[in-house]
Every structure is written in C-alpha cells, then in structure tokens.
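Using our numbering, the first residue of the sequence shown is number 45, and each one after it goes up by one. All C-beta atoms in this analysis are idealised placements derived from N, C-alpha and C, irrespective of residue type, glycine included.
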Amino acid sequence: MLPDQPSPSADGPAESFRELGVGDLPALIELLDRDRDAHCVVAERVVAAQLDPLGSGGPTWGWFSAGALRSALFIGPNVILIETTPAARVEFASKLAQVGRRSSAIVGYREEVLDLWQRLAPTWGPCRELRDDQPLMVCIQDPEAESLEGVRRLGIEDLDVFMPAAIDMFTEEVGVSPVAGGRGPGYRARVAQSISQGRVYGRIDRGEVIFKAEIGAVGRGSAQLQGVWITPRLRGSGLSTSALSAVVKVARAEHAPRISLYANHHNEPALRAYERVGFRQIGTFATVLF
Numbered sequence: 045m046l047p048d049q050p051s052p053s054a055d056g057p058a059e060s061f062r063e064l065g066v067g068d069l070p071a072l073i074e075l076l077d078r079d080r081d082a083h084c085v086v087a088e089r090v091v092a093a094q095l096d097p098l099g100s101g102g103p104t105w106g107w108f109s110a111g112a113l114r115s116a117l118f119i120g121p122n123v124i125l126i127e128t129t130p131a132a133r134v135e136f137a138s139k140l141a142q143v144g145r146r147s148s149a150i151v152g153y154r155e156e157v158l159d160l161w162q163r164l165a166p167t168w169g170p171c172r173e174l175r176d177d178q179p180l181m182v183c184i185q186d187p188e189a190e191s192l193e194g195v196r197r198l199g200i201e202d203l204d205v206f207m208p209a210a211i212d213m214f215t216e217e218v219g220v221s222p223v224a225g226g227r228g229p230g231y232r233a234r235v236a237q238s239i240s241q242g243r244v245y246g247r248i249d250r251g252e253v254i255f256k257a258e259i260g261a262v263g264r265g266s267a268q269l270q271g272v273w274i275t276p277r278l279r280g281s282g283l284s285t286s287a288l289s290a291v292v293k294v295a296r297a298e299h300a301p302r303i304s305l306y307a308n309h310h311n312e313p314a315l316r317a318y319e320r321v322g323f324r325q326i327g328t329f330a331t332v333l334f
C-alpha cells in the first residue's frame with residue numbers, strides 16, 4: 045500500500061501522485077460523474093466503501109495537477125482506469141510495475157488501456173488475451189420491443205438450477221472455468237450474493253435456465269449489465285431481443301435509469317440484439333486479461 049500523503053495545495057507541486065483517502069471522496073465523485081456509464085463499477089465499490097481498500101477490494105490511486113484530482117486508478121480484482129491523462133498513466137504504470145500484478149484484468153477506455161498496457165507489458169506481460177475493441181453501449185429509455193414472458197428476478201431458491209448456466213457463461217466469456225482449481229465454493233458464494241442482492245434475472249423452463257443476465261454494478265445513476273447468456277440450443281431463435289427487453293425494463297425500474305454494457309466487437313449477433321433493444325454506442329473499451 046502506498047503512503048497516504050497530504051493533498052497538494054494550489055501553491056504546492058504542479059503534479060503529484062498518492063493513494064486516495066476518505067478526504068478525497070468528493071473530488072473522486074466529481075471525477076466519476078464525468079462519465080457515469082463508464083465508471084459505475086468504481087462508483088459502487090469505492091464510494092460505498094468510503095475509499096477504504098478493505099471494503100472496496102483494493103486501493104485507489106490519484107493523480108493531481110495544480111492541486112486538483114485529475115485522474116484515478118482503482119486496483120482491485122480488476123485495474124480500472126478513471127479519466128487518466130497521459131502524464132498520469134506514466135506514473136501509474138511506474139507504480140504498478142513496482143508493486144506487481146495482483147489483478148486479473150485491466151479495464152477502461154481503449155486509448156487509456158492500450159497506453160497503460162504498452163508501458164506495463166515488459167514487467168506484467170505476457171497477457172492471456174487482449175480485447176481491444178469492445179463497444180461501450182447505453183440504454184436510457186424503456187425498450188419498445190416486446191418483452192419475453194417468464195423473465196424474472198431470480199431468488200436464492202433458484203441457485204442450484206442457475207449455477208450450470210452461470211458457469212457456462214463465465215467459461216465462454218472469460219476462457220477459463222470459474223470453478224477450476226478448487227474455486228467452486230467461492231464462486232458459488234459470489235453468485236448467491238448477487239442473487240440475494242436482487243441483481244440476477246432469467247427465465248427457467250422445466251428446470252433449465254434458458255436465459256440469464258445480471259446487474260454487475262450500480263453507481264451514480266447508472267447500472268452495468270453483464271453475464272448475458274442464452275442456452276446454445278436457442279441461439280439464433282430471436283429470443284435474445286425479447287429477453288433483453290424484459291431485463292432492461294425491470295433494471296431501469298429497480299436499479300438505475302441508465303443501463304450500460306460493453307461487449308466484444310466480433311459478437312455481431314449480440315450487438316444487433318442490443319441495438320434492437322435501444323442500446324447505442326458511446327465509446328470503446330479494451331480489456332487486458334491475465
């Protein structure tokens with residue numbers, strides 16, 4: 045953990061770097077609010093924990109210029125870039141190289157991620173996969189498309205039926221099983237927590253999950269949709285549009301008026317389904333996977 049130094053004043057250093065503390069929370073919120081859809085994961089984790097690394101899952105670093113917080117970096121399960129400037133990325137990369145890699149991915153806007161990764165690769169590399177074209181999309185109104193009947197918020201009583209679909213989706217998306225290497229109990233606990241928080245939606249037919257989607261984060265008026273999955277035998281049937289429509293309507297009512305997501309550019313069927321529901325691209329993300 046980096047030492048928590050006093051905030052620079054206007055007549056102090058022109059640029060400085062340090063770990064953020066609770067007194068920096070208003071400045072961080074202002075930074076996050078510049079792009080609520082892109083930063084909702086950090087807004088939920090860090091703001092709720094009041095910048096406590098134990099509560100949020102890791103520290104948040106800040107880059108100050110002329111006494112004001114200009115950029116930030118959350119180092120948790122994923123490294124997440126927040127409004128990073130080129131100068132900030134130089135400093136962040138240097139510090140990350142010193143502390144070593146503890147996160148499983150680097151996530152953020154493409155330009156920022158690729159620049160940071162270019163600087164980090166000599167010490168952190170090689171990565172398992174670089175996804176450098178992930179449209180960031182947002183939906184800000186209820187879909188006009190018809191909603192699939194039977195899509196509902198799942199309860200803890202659905203956990204056993206839901207687990208195979210959750211494992212299959214994670215493995216397809218990330219490329220590794222979430223239960224390999226003895227990680228099964230921990231993954232099941234995390235899934236159970238999401239269900240208990242009312243963030244998991246799906247349709248179950250005769251004991252089989254045929255569609256699922258999850259709200260991964262809710263922060264500052266935006267919620268991030270993730271884990272969208274349809275059973276393989278029903279892909280291409282047109283089910284995705286109506287199922288997504290149902291989830292987005294409920295999520296806007298229960299979580300936040302803005303629903304965001306990011307997806308891989310090569311997944312054209314999914315992108316078309318998102319567009320039919322009302323999602324529009326507002327930027328491009330990149331992810332470095334380890």
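- For residue 104, the three-state secondary structure derived from DSSP is strand.
- Exclusion of the five residues before and after residue 100 leaves 89, 90 and 93 as the residues of its chain whose Cβ lies within less than 6 Å of its Cβ.
- Contact check for residue 288 against residue 181 fails: the beta carbons are separated by 8 Å or more.
- Shown here, residue 80 sits in coil according to DSSP, grouped into three states, outside any helix or strand.
- The beta-carbon distance between residue 264 and residue 82, rounded to whole angstroms, is 11 Å. This is too long to meet the 8 Å contact definition.
- Spanning the alpha carbons of residue 163 and residue 332 requires a straight line of approximately 13 Å.
- In this structure, the CA atom of residue 133 is about 8 Å from the CA atom of residue 159.
- At the C-beta level, residue 195 and residue 321 stay beyond 8 Å of one another.
- Setting aside the 5 residues that flank it on each side, residue 207 is surrounded in the same chain by 232 and 235, each with a C-beta closer than 8 Å to its C-beta; the list follows chain order.
- The DSSP-derived three-state label of residue 211 is helix.
- For residue 153, the closest of 202, 146, 95 and 123 by C-alpha to C-alpha distance is 123.
- By the C-beta density criterion, residue 110 is exposed, having fewer than 16 other C-beta atoms within 10 angstroms.
- Counted as a single uninterrupted DSSP element, the alpha helix (DSSP H) harbouring residue 134 occupies residues 130 to 143.
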